[in-house]
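The structure appears right after this line, and notes come after that.
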Amino acid sequence: MTAFEFDPDDLDEADLDVLADMSDEDLAELFEDPGPDDPLAGYARPATRAPYELAPYRAVDDLRPL
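Following this line, the structure appears as structure tokens:
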């Protein structure tokens with residue numbers, strides 16, 4: 001089991017009302033991947049999704065000396 005456990009008592013009624021009033025397009029926009037024209041897209045990604053890797057094979061040894 002993971003360290004995070006879902007607790008329905010932690011949900012705020014105001015937040016649930018806002019999410020219930022959002023359209024399907026608005027909800028999809030919350031979880032889309034960031035791009036050059038919208039760098040903050042995907043800010044509300046699920047906690048279980050891994051962060052986007054810019055250069056997965058780059059290491060400290062690859063960096064140029066100052």
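Reminder that position 28 of the sequence shown reads as 28 in the UniProt record's numbering, one-by-one numbering, no gaps.
We put the beta carbon where it would ideally sit given N, CA and C, even for glycine.
If you're wondering where the values come from, they're calculated on a predicted model, not measured in any experiment.
Here D24 carries a helix assignment [DSSP, helix/strand/coil].
Judged by DSSP in its simplified three-state form, A14 adopts helix. Going by C-alpha positions, L27 is about 8 Å away from L19.
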